[in-house]
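These notes concern the structure reproduced below.
Residue numbers (the numbering used here), protein chains in the order written: chain A, 2 to 343; chain B, 60 to 202; chain C, 126 to 784; chain D, 16 to 149; chain E, 205 to 527.
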């Protein structure tokens with residue numbers, strides 16, 4: 002376990018950025034996003050939810066998959082194997098770290114998404130344990146520990162004047178080794194401080210839901226009138242899906258210029274009418290009801306059936322951002338019937 | 060895409076109404092008035108057929124300039140088409156400028172079927188102006 | 126995938142000298158969908174066209190791109206070529222590599238580059254060309270002429286002479302219109318009635334003309350070749366079948382009313398014909414003034430009528446008739462002078478309008494043709510004529526020139542001098558405008574031979590002085606103030622559009638300008654047509670004009686009608702707008718910008734969930750749409766598209782250009 | 016300066032027309048005469064205005080004008096007039112009206128040198144009396 | 205505030221009981237203090253859900269579109285801004301006036317949850333209510349009283365129509381229009397217009413760079429009421445799905461153009477934008493230009509007239525070289 006004084010943080014980041022592309026949370030025009038680190042940026046260590054979740058580093062909103070040219074002979078340039086420059090993410094919150102594991106189940110399961118894997122392998126994640134929750138945080142409902150981030154390569158914990166860094170993987174150890182000379186060995190006192198901070202982090206949650214049995218209950222609810230009522234408020238924007246750290250649907254688009262062209266993969270949202278629109282004009286999800294149902298069924302029923310976990314990490318972004326306040330908290334509460342303290 | 064500024068030859072898409080400006084372009088041809096090769100004409104029945112989306116699309120695909128040419132006000136073959144053109148593209152042009160797009164990149168002109176010389180003149184003028192600006196990078200797709 | 130054939134024309138050396146044909150062909154062969162590319166010295170020649178036809182068959186081409194001269198030159202030629210080879214004519218697209226490439230560029234390399242780009246653009250468009258078909262619409266071979274003045278009379282006669290049925294609609298009890306009110310006509314000074322009344326009689330007697338007087342247009346539906354018009358036949362209270370036109374009723378009717386025809390200078394009865402030579406010469410009861418209708422007593426006419434033709438119980442009747450074409454000839458109103466207090470009109474009886482002057486000159490007018498001052502019945506010696514009253518006046522009148530006043534005032538000056546020996550006229554003018562055959566000479570006569578003095582200056586005030594009138598102005602040419610003492614003042618009143626012109630325009634789906642004159646389709650090249658196919662204009666309803674021009678326009682309109690009705694059916698232009706029902710929200714933005722009134726609402730049924738619901742969408746009338754495409758941009762969801770210039774085609778062209 | 020019915024209708028206008036043999040009313044004030052007049056710079060009333068004044072009966076103003084005596088009758092105006100008005104003749108008529116009036120001399124015969132008095136034509140003498148001041 | 209909610213409940217329950225309407229749209233309270241989503245009241249039993257509180261911002265009129273509701277007769281509570289949305293839908297022929305009963309609720313402005321959060325950072329807020337011109341904030345178990353004016357949404361501070369422009373029944377008294385709103389209307393635009401071209405571009409590209417293309421701005425906007433939006437169409441594909449600057453600018457330019465002359469300045473697009481893009485500024489730029497060139501026009505006031513891009517005058521000036 003290592004530590005570094007907060008005053009030295011920018012030195013550390015500077016060192017890291019020499020080795021790889023380094024992204025840190027930065028506020029710009031009042032919106033916090035991961036942005037390339039530069040000497041003069043101010044790292045935002047307090048905001049819990051960055052606006053666009055860090056899944057974008059493995060699963061970019063838009064990426065070229067291949068480019069072709071048939072004007073002479075067929076030439077195909079495949080971008081998948083080129084994906085993944087060496088990257089370091091600093092300050093990923095535990096909920097988002099845990100979302101990576103869910104994305105992995107999709108993109109590293111059979112068949113493996115090569116570009117995703119390359120990026121995942123080439124990226125070192127430095128998580129930042131949370132100190133206290135936002136009012137919309139409900140990660141504890143999914144048994145996440147807000148002070149811990151098991152999936153991260155390095156866990157950083159804010160202990161006040163210092164940040165304690167503990168490597169959790171070999172990648173993480175290598176990274177900390179690079180920083181030898183700048184960072185110091187943590188003392189047992191620091192270790193205690195970390196433990197305290199982690200315990201402290203669990204306090205103060207005002208939002209929680211009981212997810213017990215929600216998946217099972219949903220098994221029989223595909224045709225339930227619940228959806229008829231629920232969807233009415235939805236205005237079919239894609240905000241929830243785009244700010245969700247676990248939403249992972251994409252669309253393939255072709256930009257053809259006759260003899261040359263590019264195939265692009267970009268995020269798609271099941272909230273959109275053209276999401277399931279077929280070539281001949283039929284849409285198996287003709288109204289917003291089916292689309293809303295799909296989103297929640299996917300998160301709370303299909304995904305856990307397939308992969309064992311709910312596809313929600315309780316980050317609360319959708320709760321905060323949905324313009325009509327239609328969110329997963331409400332659905333879990335109403336389906337499960339047993340809401341926690343509020 | 061790397062573009063050499065010195066040798067950059069701008070690409071200009073011109074939407075010309077069939078009855079006036081396209082005829083004006085033809086007249087420039089029959090009168091052998093030369094102008095740069097940078098201009099490509101899309102023939103439309105009336106300038107009111109030009110959708111703002113077409114203009115943005117041209118810029119996205121790499122056009123360095125876009126021109127809409129129609130009949131002079133009062134001379135529209137369809138009576139009122141160019142009046143709508145005037146309203147629509149007055150506001151669109153000003154919005155593009157507001158968002159930081161150079162005013163020369165998007166222009167609207169009235170060129171009648173008898174104004175071959177004006178057509179050639181406008182082509183010369185616009186090509187020069189846009190050449191001076193260099194390639195359009197602001198609205199172009201990064202592909 | 127389409128099978129596109131590309132044919133590059135040399136046009137002799139016109140194209141080949143500047144564009145590398147081989148290189149263009151080689152490039153074309155690489156373009157998506159192109160399966161065949163070749164060249165020809167002159168593609169428009171029979172040989173060249175045969176080559177295209179043969180290639181279509183041999184290579185099973187389904188789209189054709191011809192790189193040649195402007196489509197404005199040979200589009201039709203090549204459409205016929207591909208049609209002859211069994212393809213839809215609209216499968217062909219032209220790349221204009223002559224007028225817009227080889228003729229305007231000199232450097233062969235860059236010109237070839239551009240030619241290739243133009244061909245690629247045409248290929249991209251052609252790949253999205255769809256088969257388009259004209260539709261045939263039968264024509265109702267009958268015309269309606271609205272307005273029975275000289276314009277309507279002339280149009281009706283001319284149409285009838287070509288053998289088609291015509292209905293002539295007039296809102297007054299008699300046809301004749303404004304021209305019937307005039308005394309003499311410039312520049313020949315022939316008597317207006319003498320040249321008009323024979324035409325009125327011709328109309329009444331023509332077997333192809335049906336005269337519908339005392340009637341107005343109620344509703345117009347349909348489109349070119351197929352209008353359905355509902356006409357309101359106002360209750361005349363006189364049975365036209367029984368009435369012989371003896372006139373006894375008019376003599377005995379006790380209710381005297383100011384005569385509209387005589388401009389209020391004389392009286393008529395409540396049962397009346399507007400003037401003695403009326404056609405039809407059968408009276409109508411003016412229910413607004415008739416004693417029976419206003420006070421429920423009298424019925425004198427009924428007692429007097431020898432044939433029992435009076436029918437107080439008549440009601441308005443509605444005639445519904447189909448027409449192939451409509452001529453609008455509704456004429457004009459004279460300008461109201463309520464804003465011109467400075468001229469003392471209405472305050473002094475010797476200040477009159479020019480149309481009142483016509484009646485004072487007229488032999489059948491209130492003074493029996495003697496020019497006498499309304500105030501004292503004596504002939505006037507000095508008369509002031511004030512031009513541009515209500516014309517060329519942005520502030521409180523019409524900004525435009527009424528066009529006829531200069532000439533009729535010259536006529537008045539001449540007539541005055543002829544009628545009252547030794548009399549003198551003073552004409553106050555801003556400009557004198559005499560463009561017309563023999564018009565300048567006529568004007569010259571007025572001041573050279575007929576004692577007219579023209580004073581350049583607008584009159585600022587007219588006021589009485591004893592039994593005379595003082596007219597105050599300036600002579601702008603000499604700079605001298607003018608103060609004349611005259612016996613009469615004649616105001617050259619401006620010409621207004623009919624006050625109800627907007628209503629009629631709405632019924633007909635035609636437009637008016639800011640002054641309510643009906644708009645022609647093109648100010649120079651289509652002055653008789655309206656933007657609505659099948660509706661034509663004649664006379665002052667389109668804009669101020671004199672009798673010769675009115676008659677010329679009426680005859681022109683008649684030819685337009687005849688050429689339309691001479692066809693059995695109409696072939697529609699297939700490059701017109703089309704609505705995609707699924708995308709249409711029915712907000713009708715398209716309708717607002719359509720210059721032809723070609724878009725209307727339509728109710729459709731569709732399934733929503735478990736129910737069948739109805740909703741409104743836009744519908745394009747294929748006969749009215751001219752294919753401008755203004756609607757396609759007004760339509761935000763892109764639900765209305767223009768065939769032949771679709772969104773898909775234009776976007777593909779843009780993409781191909783920017784390659 | 017004021018135009019009135021009496022002035023326009025006055026006999027003086029008819030006199031001018033009668034004496035000159037020209038139709039004053041024919042002039043439509045195009046201004047071509049004035050534009051081409053070589054001595055217009057010295058005139059107080061321009062040639063086209065002369066005609067306008069005559070049309071409007073402003074004869075009195077004309078009779079007091081220097082123009083009548085400046086005009087050299089070079090006929091430039093006349094040769095160009097689109098309305099076939101012989102302007103010098105009109106001006107001459109105005110001069111004649113002045114000359115035919117009794118009195119109103121600027122010059123007394125006695126003021127003339129004897130040599131001139133004896134040799135000059137009679138009409139020239141009369142016109143000199145009306146034209147020149149001492 | 206309580207009385208207001210009570211009044212709304214009374215109106216709704218009367219209307220439902222008398223069967224004047226079969227559903228009522230208003231607002232209700234959800235779990236968090238800042239959540240007051242739209243309520244769909246279909247039975248008298250549910251009218252107690254209706255509330256009027258500092259967060260009843262969301263414009264409910266879009267729910268009148270057929271995609272959302274099949275009720276034949278709907279009652280709807282509308283604030284000033286919302287009411288112009290009613291006219292918007294009627295003018296666009298997307299709403300039959302006879303289908304709705306409009307209950308006008310004059311509005312003094314709504315609170316901005318972000319401003320409140322910023323003031324009480326890291327404190328637990330439980331409830332926010334309004335009392336006269338103060339907000340009462342239940343924070344960390346204590347009640348704090350603050351001036352409401354300080355915490356209003358920016359769009360409310362420049363609101364020119366706080367009172368409904370269309371209503372069948374005004375539920376309470378009209379409120380005065382805030383001072384200086386007309387001057388404030390185009391202040392941001394005037395400011396931006398003064399900047400250099402490149403500065404303007406860098407400002408807008410920075411804003412647009414944050415766009416995630418969620419379409420929340422479009423989907424909230426009552427002027428964006430097409431059945432099938434042009435941006436959702438695959439053939440032709442008007443808007444690429446790739447989230448790059450070209451397509452993002454394409455989206456924002458065309459979106460703004462499509463509401464040009466139709467936007468009635470409710471400001472919801474900007475308020476709900478998760479990325480905080482100043483969309484209202486683009487809309488207002490177009491309004492400013494339309495007013496300047498083609499005569500002043502106020503959208504959403506008269507459902508019968510024709511918006512400025514649907515008409516013309518021959519003597520219109522142009523924003524380009526007409527020689």
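We treat Cβ as the ideally placed atom computed from N, Cα and C, and that holds for glycine. Keep in mind the model is a prediction, meaning the values are calculated, not measured.
- Contact of residue 95/D with chain C is not assigned, every C-beta pair being separated by 7 Å or more.
- For residue 398/E, not one C-beta of chain B is nearer than 7 Å to its own C-beta.
- A straight line joining the alpha-carbon of residue 223/C with that of residue 104/B spans about 20 Å.
- Under the DSSP assignment, residue 509/C falls in the beta strand (DSSP E) whose first and last residues are 507-514.
- Residue 126/C counts as exposed, since fewer than 16 other beta carbons sit within 10 angstroms of its beta carbon.
- Per DSSP, reduced to three states, the secondary structure at residue 71/A is coil, with no helix or strand assignment.
- Taking 3 residues as the minimum length, the beta strand (DSSP E) runs contained wholly in the segment 240-320 of chain A are 251-257, 261-268, in order along the chain.
- Any Cβ of chain B closer than 7 Å to the Cβ of residue 404/E would place that residue at the interface, and such an atom is present.
- According to the DSSP secondary-structure assignment, residue 79/A is paired through a beta bridge with 67/A.
- For residue 201/B, not one C-beta of chain C is nearer than 7 Å to its own C-beta.
- Taking a beta-carbon distance threshold of 7 Å, residue 333/E does not count as an interface residue toward chain A.
- When rounded, the separation of the alpha-carbon atoms in residue 579/C and residue 50/D is 22 Å.
- Apart from the 5 residues on each side of it in sequence, residue 760/C sits with its Cβ closer than 7 Å to the Cβ of 714, 715 in its chain, given in chain order.
- Closer than 9 Å at the C-beta level to chain B, one finds these residues of the segment 751-771 of chain C: 751, 752, 753, 754, 755, 756, 757, 758, 759, 763, 767, 769, 770.
- Excluding residues up to 5 positions away in sequence, 353, 354, 355, 356 lie with their Cβ nearer than 8 Å to the Cβ of residue 445/C in the same chain.
- Counting only runs of 3 or more residues that sit fully inside the segment 643-718 of chain C, the beta strand (DSSP E) segments are 660-662, 694-696, 702-704, in chain order.
- If you check the CB distance, residue 509/C and residue 277/C do not come in under 7 Å.
- Ranking 263/A, 247/A, 292/A by CA distance to the CA of residue 254/A puts 263/A first.
- For residue 103/B, the closest Cβ of chain C is nearer than 7 Å.
- Annotated as distal: residue 516/C and residue 403/C, with beta-carbon spacing of 7 Å or more.
- Under a 10 Å Cβ-count criterion, residue 259/C is classified as exposed, with fewer than 16 other Cβ atoms of the shown protein chains found around its own Cβ.
- The beta-carbon of residue 376/E is placed no less than 7 Å from the nearest beta-carbon of chain B.
- Within the segment 258-288 of chain A, contact with chain C at the beta-carbon level (separation under 9 Å) is assigned to 258, 259, 260, 261, 282, 287, 288.
- Spatial neighbours of residue 4/A in its own chain (CB-CB distance under 6 Å, excluding positions within 5 residues in sequence) are listed in chain order as 163, 165, 185, 187, 191.
- Within the segment 720-770 of chain C, the runs of beta strand (DSSP E) at least 3 residues long that lie entirely inside it are, in chain order, 724-733, 736-745, 765-767.
- The Cβ atoms of residue 446/E and residue 490/E do not sit closer than 7 Å to each other.
- Classified as buried, residue 576/C has 16 or more neighbouring CB atoms from the shown chains inside 10 Å of its CB.
- Beta-bridge analysis with DSSP links residue 262/C to 695/C.
- When C-alpha distances from residue 680/C are compared across 662/C, 697/C, 694/C, the shortest belongs to 662/C.
- Per DSSP, the continuous beta strand (DSSP E) segment holding residue 165/C begins and ends at 159-165.
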